[in-house]
Amino acid sequence: PIPPAATLPKQKIAPPEKFSGHGTPKIKEWLEQVYLYLDDVVDEQLHIKLSLSYLKGDAHDYMDNYYTLVQTNSLLGMWADFVNWLTTSYDTKDKPREARLEVEHLTKNPWTDMSKFAKNFKKWANKSNLSDVDLIEKIRRITPDKILQVHAGTDEVQWPTTWEAYLDWDLDI
Numbered sequence: 236p237i238p239p240a241a242t243l244p245k246q247k248i249a250p251p252e253k254f255s256g257h258g259t260p261k262i263k264e265w266l267e268q269v270y271l272y273l274d275d276v277v278d279e280q281l282h283i284k285l286s287l288s289y290l291k292g293d294a295h296d297y298m299d300n301y302y303t304l305v306q307t308n309s310l311l312g313m314w315a316d317f318v319n320w321l322t323t324s325y326d327t328k329d330k331p332r333e334a335r336l337e338v339e340h341l342t343k344n345p346w347t348d349m350s351k352f353a354k355n356f357k358k359w360a361n362k363s364n365l366s367d368v369d370l371i372e373k374i375r376r377i378t379p380d381k382i383l384q385v386h387a388g389t390d391e392v393q394w395p396t397t398w399e400a401y402l403d404w405d406l407d408i
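Residues in the sequence shown are numbered consecutively from 236, following the working numbering.
1. Roughly how many angstroms lie between the CA atoms of asparagine 364 and isoleucine 262, to the nearest whole one?
2. In the structure shown, what three-state DSSP assignment does leucine 290 receive?
3. Taking lysine 343 as the reference, give the member of Asn300, Phe317, Tyr325 and Glu372 with the closest Cα.
4. Between tyrosine 325 and the rest of its own chain, which residues show a CB-CB distance below 6 Å, the 5 nearest in sequence each way excluded?
5. Which value, in whole angstroms, describes the spacing of the CA atoms of leucine 266 and leucine 402?
6. Take the Cβ of tryptophan 398 as the centre, count every other Cβ of all protein chains shown within 10 Å, and call the residue buried at 16 or more, exposed below.
7. Considering only the alpha carbon of each residue, which of Pro379, Asp390, Gln246 and Gly388 lies closest to aspartate 405?
8. Name, in chain order, the residues that DSSP records as bridge partners for phenylalanine 352.
9. Please classify valine 385 as buried or exposed, where buried requires at least 16 neighbouring CB atoms within 10 angstroms.
10. Between tyrosine 289 and phenylalanine 254, how many whole angstroms is the CB-CB distance? I'm expecting something under 8 Å.
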């Protein structure tokens, strides 16, 4: 027989992972973690504040208006609106948009390991629906200076015109 609920020990629920909008967890999985963790929280304002504390990176920056509201002790609105705002932005049913976000994230800062960058970049570039010109520009943004110096010594007419060839060219240097 199961003991009465009053005698069951209180189980701890793991806090949600930090959500950046990239990689894992995906928005649906993260929201499920939040719902479990904050199950006993009935105050919608507190629900939003606690959820904000588990955002990082681009997702944190994207929700910047909420942090401003918190700092000014303003009302944060409804929980449903908060969830809708996040899911509209980070739901991965829009694969090209997700891929563009990942490409943007990968090309935000320089990489020291171009082969590691190439592996990650190739995974998302074709799915992004971005043009070769746009993808090449994003690759150039993170290309180490020593490789860019080799580019400068090569006639632009000889430069690859597809992003795959351009990335391979960088890797060969």
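Backbone N, C-alpha and C fix where the C-beta goes; we use that ideal spot for every residue, glycine too.
Remember, predicted model here, so these are calculated numbers, not experimental data.
Taking the geometry as given:
1. Numbered from 1 along the sequence shown, position 129 holds the residue referred to as residue 364. Numbered from 1 along the sequence shown, position 27 holds the residue referred to as residue 262. For asparagine 364 and isoleucine 262, the distance between alpha carbons rounds to 22 Å.
2. Translated into positions along the sequence shown, residue 290 becomes position 55. Looking at leucine 290 - three-state DSSP - the assignment turns out to be strand.
3. As a working mapping, residue 343 is identified with position 108 in the sequence shown. When only C-alpha atoms are compared, the closest one is Glu372.
4. To locate residue 325, count along the sequence shown from 1; it is residue 90. Once the five neighbours on either side are set aside, the close Cβ partners of tyrosine 325 are Gly256 and Ile262.
5. On the sequence shown, position 31 is the one that residue 266 refers to. On the sequence shown, position 167 is the one that residue 402 refers to. About 36 Å.
6. Numbered from its first residue, the sequence shown carries residue 398 at position 163. Looking at its Cβ environment, which holds 16 or more other Cβ atoms inside 10 Å, tryptophan 398 is buried.
7. The sequence position of residue 405 within the sequence shown is 170, counting from 1. Taking only the C-alpha atoms, the option nearest aspartate 405 is Pro379.
8. One-based indexing of the sequence shown puts residue 352 at position 117. None, per the DSSP bridge assignment.
9. The count along the sequence shown starts at 1 and reaches residue 385 at position 150. The residue in question, valine 385, is exposed, as its Cβ has fewer than 16 Cβ neighbours within 10 Å.
10. Numbered from 1 along the sequence shown, position 54 holds the residue referred to as residue 289. Numbered from 1 along the sequence shown, position 19 holds the residue referred to as residue 254. Tyrosine 289 to phenylalanine 254, Cβ: 6 Å. Contact.
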